[in-house]
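If you count the sequence shown from 1, position 28 lands on 28 in the UniProt record's numbering, and the numbers rise without skipping.
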Amino acid sequence: MPPKNTQPKYRQIADYLRDGILDGTFPAGQPLPSEEALAKQFGVTRPTVRQGLSELRASGLVEAIMGRGTFARSPHSRPSHTRPRGVRRAPDGRYIEADGIRWTDTEPPVATRTDAPLALADLLRIPPGEPMFTYDALQTADHGRLRQLHRTYVPFSILADTKYEEEAPPSAPELYSALSDLGHELHFTEYVRTRMPLPDQAQALRLADGVPLLHVIRMTLAEADKPLALEEFHLPGDELELSFRL
């Protein structure tokens, strides 16, 4: 006689669906059994089914689409978009993104003053609390289907004794040309990690429950790896992979 499953019913439902998604019983992109069918199969109420589904949403294995149902998401499937990372210089001297995507700011970026927190000050090699020009932008492409949050930081000390002591510099990528015009030979380094989004980030990027962020930090560097500026990109982490040419 097989041992009795003593796990809570919602956990049994989550395990059943998880195993089915991972072994292909429920293919990625296909609807899962309805709440009503699962409730009948496991002899539970629909709130118990929803509790099991919420576990899978938190791990990114299912996606709920309003008015259509709940769909499987395989961790093994290829993402919909591959984004080459990096910056290159066009023949006309402009700096452009390696992915070639033409991003549009939903609103014109406005420079604000912020004081460098400890983590950013360490990366920029400036004292904590040093003032910085900061730009925030929600950017879209492909008729709004692609979205990213982009933040640019430029320490005041980098702009000392330049025309930008009296006026704010442009935001990136125009910032690169402005720094180059000041006599800097630029190169770039990026750091990539994942984390779960804050509520306002999830809303701006239209992320489903359980979808992480790709958090990219780009350092703009001059000679001897001197940091000039720092950018943060927050990208949806579900249907996107990043590629780097080595």
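For glycine and all other residues, C-beta sits at the position ideal for the given N, C-alpha and C.
Three-way DSSP call (helix, strand, coil) for Val-49 in this model
Here residue 49 refers to the residue found at position 49 when the sequence shown is read from its first residue. In this structure, Val-49 counts as helix in the three-state DSSP scheme.
Using 8 Å for Cβ pairs, my map puts Tyr-10 next to Gly-43. What's the rounded Cβ distance?
Taking the first residue of the sequence shown as position 1, residue 10 is located at position 10. Taking the first residue of the sequence shown as position 1, residue 43 is located at position 43. Contact flag wrong, Cβ pair sits at about 12 Å.
Per DSSP, the bridge partner or partners of Gly-144:
Numbered from its first residue, the sequence shown carries residue 144 at position 144. Its beta-bridge partners do not exist; DSSP assigns none.
If we count the other Cβ atoms within 10 Å of its Cβ and call it buried at 16 or more, is Val-154 buried or exposed?
Here the question's residue 154 lines up with position 154 in the sequence shown. That one is buried.
May I have the straight-line CA-CA distance separating Arg-50 from Met-196, to the nearest angstrom?
Mapped onto the sequence shown, residue 50 falls at position 50. Mapped onto the sequence shown, residue 196 falls at position 196. Taking the straight line from one Cα to the other gives about 21 Å.
Start and end of the beta strand (DSSP E) containing Tyr-95?
By 1-based counting over the sequence shown, the position of residue 95 is 95. Counting along the chain, the beta strand (DSSP E) containing Tyr-95 begins and ends at 95-97.
Could you tell me the boundaries of the alpha helix (DSSP H) in which Leu-124 lies?
Mapped onto the sequence shown, residue 124 falls at position 124. Run containing Leu-124: 118-124, per the alpha helix (DSSP H) assignment.
Determine the closest residue to Ala-119 out of Leu-246, Val-62, Ser-59 and Pro-128, with distance taken between C-alpha atoms.
Within the sequence shown, numbered from 1, the residue matching residue 119 stands at position 119. Residue Pro-128 is the option with its Cα nearest to Ala-119.
Please classify Pro-169: does DSSP put it in a helix, a strand, or coil?
Your numbering for residue 169 matches position 169 in the sequence shown. If DSSP states are grouped into helix, strand and coil, Pro-169 belongs with coil.
Alpha helix (DSSP H) segment containing Asp-15, residue limits
Taking the sequence shown and counting its residues from 1, the one referred to as residue 15 is at position 15. Per DSSP, Asp-15 belongs to the alpha helix (DSSP H) from 9-22.
Could you tell me the alpha carbon to alpha carbon distance between Thr-48 and Leu-38, rounded to whole angstroms?
Residue mapping note: residue 48 aligns to position 48 of the sequence shown, counting from 1. Residue mapping note: residue 38 aligns to position 38 of the sequence shown, counting from 1. Each residue's Cα considered, the two are about 10 Å apart.
What would DSSP say about Asp-181, mapped onto helix, strand or coil?
Translated into the one-based positions of the sequence shown, residue 181 becomes position 181. DSSP places Asp-181 in helix when its eight states are reduced to three.
CA-CA distance, Ala-172 and Leu-207?
To locate residue 172, count along the sequence shown from 1; it is residue 172. To locate residue 207, count along the sequence shown from 1; it is residue 207. If I take the Cα positions, the gap works out to 25 Å.
Start-to-end residues for the beta strand (DSSP E) that takes in Pro-227:
For the purposes of this step, residue 227 is taken as residue 227 along the sequence shown, with counting starting at 1. First-last of the beta strand (DSSP E) with Pro-227: 227-236.
Does the distance from the C-beta atom of residue 259 to that of Thr-106 stay below 9 Å?
It is not possible to answer for residue 259, since the shown part of the chain is limited to 1 through 246.
Kindly list the residues whose CB is nearer than 7 Å to the CB of Gln-30, restricted to its own chain and excluding five residues on each side of it in sequence; keep chain order.
Here residue 30 refers to the residue found at position 30 of the sequence shown. So the qualifying residues of the chain are Phe-71 and Ala-72.
Cutting at 6 Å between CB atoms, please list the residues of its own chain near Leu-182, excluding the five before and the five after it.
Here the question's residue 182 lines up with position 182 in the sequence shown. For Leu-182, where only same-chain residues beyond five positions count, the Cβ hits under 6 Å are Thr-162.
Of the choices Phe-233, Thr-104, Ile-158 and Pro-212, whose alpha-carbon is the least far from that of His-143?
If you number the sequence shown from 1, residue 143 lands on position 143. That would be Thr-104, whose Cα lies nearest to the Cα of His-143.
Return yes when the Cβ of Gly-237 is within less than 9 Å of the Cβ of Leu-213, no when it is not.
Taking the sequence shown and counting its residues from 1, the one referred to as residue 213 is at position 213. Taking the sequence shown and counting its residues from 1, the one referred to as residue 237 is at position 237. Cβ distance < 9 Å, so Leu-213 and Gly-237 count as in contact.
By the 10 Å Cβ neighbour count, where 16 or more other Cβ atoms means buried, how is Met-132 classified, buried or exposed?
Against the sequence shown, residue 132 aligns to sequence position 132. Met-132 should be labelled buried.
Determine which residues share a DSSP beta bridge with Glu-190 and list them.
Walking along the sequence shown from the start, residue 190 turns up at place 190. Paired residue(s): Arg-218.
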